[in-house]
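Protein chains: 2
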Amino acid sequence: MKTLSYALLSLLARQDFSGYEIKQLMQAPIGFFWRARHSQIYPELARLEELGYVTHEVVEQQNVPDKKVYTLTAAGREQLRQWVSEPSEAAVIRDEFLLKTFSLWLADPAAAIAVVEDQARQHVEQLRVYEGIKQHIETEGAGEFMQPSSAYFASYITLMQGISYEQQYINWCRMIVEQLEALAD
Amino acid sequence: MKTLSYALLSLLARQDFSGYEIKQLMQAPIGFFWRARHSQIYPELARLEELGYVTHEVVEQQNVPDKKVYTLTAAGREQLRQWVSEPSEAAVIRDEFLLKTFSLWLADPAAAIAVVEDQARQHVEQLRVYEGIKQHIETEGAGEFMQPSSAYFASYITLMQGISYEQQYINWCRMIVEQLEALAD
DNA sequence: AGATTCTATGTCAATGGTGACATAGGTAAT
DNA sequence: ATTACCTATGTCACCATTGACATAGAATCT
């Protein structure tokens, strides 16, 4: 089973969703650490149904087209639980900007400062998004997000990594800008 | 031009290398933020040569097979310089372990602690590797790694991000373990 | 009236990346 | 002797992922 399958099961473990709804979630909460397009999601949901990990029923809607709402089966839940309990290889970083900093000595200092500041700006934006979601979890999942068996707890710690990562990235960018400004004189 | 091309040019901007040598570098220094197998590297070097960004000459060796040593051309260097000077989209995180923490509420606390500790261990190992390289740069590139136009400077700041990232990841793992241990009682 | 956007589901060609297969001479260990 | 590994370069089938194409009804804007 590939990782995408587990990304889908992870969402369905919390709530029933249609493919379209999952597509939208894969751009925001889960999409922060695993992305997928609808062209991957729809066939994968069909495959998970063949394997017996999910079922679906068609739900009619007013004014918008019908949707297929998927539900996790007991087998799917067990599959997910086992996967979560197994250790993972540490992820390989794949960051085009870090590749650029490796060749930053070739750029003239003004251009170098500009690209680093641009990158910092993007990570500041992302941090703001995460902090908005954090507020949301702390409010909606109050009294639950501290219990390890609660989905809010899992959302919370995952989000904390996102926040911590962005803060670290921003600090690093600022350090580079400072050094470039100081040393360019 | 794809990112892999620039990864190869980034290395050749510093020194001439054969495909085999690049293959080994793509598992260590550059490989920390952009990896590639030799099955990608060899055809890509050929393609870069067709485009006029690199040239090669065959170097005979004693006891081991001949090698093709690639050299960056002026056009290749200019292409790289331009790419470095352009802003990049912030990288999308793609971390299987973060996907697991999102479903960590399904695992029993003992299994949860085990997988987080395993992940921390891997990042501690990676941090040690980075710190060894840091020592190396500070020694070999002393008096150079503080100048923005030096390749040592670029290596240094890129490495600092690696170190900072690993420290942050380890701290986060430890925070989760603490919470799991405290709340499991 | 026409254009655009949103919901909703799907397919498919092309690209990027992995893992296996292939070759070949030298070294080192059992 | 045989196995295994290292240098060195290459190809190829497969899998994952992307981007474009496709359809279709309703709402909204110009």
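Chains A and B, in that order, are what the protein sequence lines are.
Numbered by our numbering, the letters in the first sequence go through residues 1 to 185 in order.
Numbered by our numbering, the letters in the second sequence go through residues 186 to 370 in order.
In this text, a Cβ means the ideal position worked out from N, Cα and C, and glycines have one as well.
So which of the options has the shortest CA-CA distance to residue i?
i	options	result
B:Q320	B:D303, B:Q364, B:M345, B:T286	B:M345
A:Y70	A:A112, A:A111, A:K2, A:Y20	A:Y20
B:A276	A:A182, A:A120, A:A75	A:A120
B:L365	B:S190, B:A299, B:R222	B:A299
B:Q264	B:S190, B:Y350, B:H223	B:S190
B:L233	B:S195, B:D251, B:L210, B:E245	B:S195
B:L312	B:A221, B:E351, B:H241, B:K253	B:E351
A:P29	A:S39, A:T139, A:G132, A:Q61	A:G132
A:A182	A:A110, A:F97, A:K2, A:R77	A:A110
B:D303	B:R199, B:Q200, B:M186, B:R359	B:R359
Beta-carbon within less than 7 Å of residue i's beta-carbon, same chain only, minus the 5 sequence neighbours each way: which residues are those?
i	result
A:M146	F153
A:R37	none
A:T73	G52, Y53, V54, T55
Tell me which residues share the same chain as residue i and place their Cβ nearer than 8 Å to its Cβ, disregarding the 5 neighbours each side in the sequence.
i	result
B:T286	V301, I361
B:E325	Y337
B:S335	G326, E329
A:E60	D66
Do the CB positions of residue i and residue j come within less than 8 Å of each other?
i	j	result
A:G162	A:F32	yes
B:L197	B:V239	yes
A:H123	A:Y156	no
B:E235	B:L193	no
B:W219	A:R94	yes
B:E281	A:S88	yes
A:T158	B:L210	no
A:I41	A:K23	yes
B:S349	A:W172	yes
A:A112	B:P333	yes
List, in chain order, every chain B residue whose beta-carbon is nearer than 8 Å to that of residue i.
i	result
A:K180	The residue you asked about is not Lys; residue 180 of chain A is Leu in the sequence shown. Simply P333.
A:M160	W357, M360
A:L80	S288, L291
For residue i, return the contacting residues in chain B, with the cut-off set at a CB-CB distance below 9 Å.
i	result
A:M26	Residues of chain B passing the Cβ test: none, with the nearest at roughly 11 Å.
A:P43	Within 9 Å Cβ-Cβ: nothing; A:P43 doesn't reach chain B, min ~19 Å.
A:Y6	E281, L284, K285, S288
Which residues of chain A have a Cβ atom closer than 8 Å to the Cβ of residue i, listed in chain order?
i	result
B:Q307	E89, A90
B:F282	S88, A90, A91
B:T188	E96, L99
In chain B, which residues lie with their C-beta within 7 Å of the C-beta of residue i?
i	result
A:A154	T286, F287, S288, L289, W290
Original post:
Given 8 Å as the limit, is there contact between the region 265 to 274 of chain B and the region 282 to 299 of chain B, that is, 3 or more CB pairs closer than that?
Top reply: no
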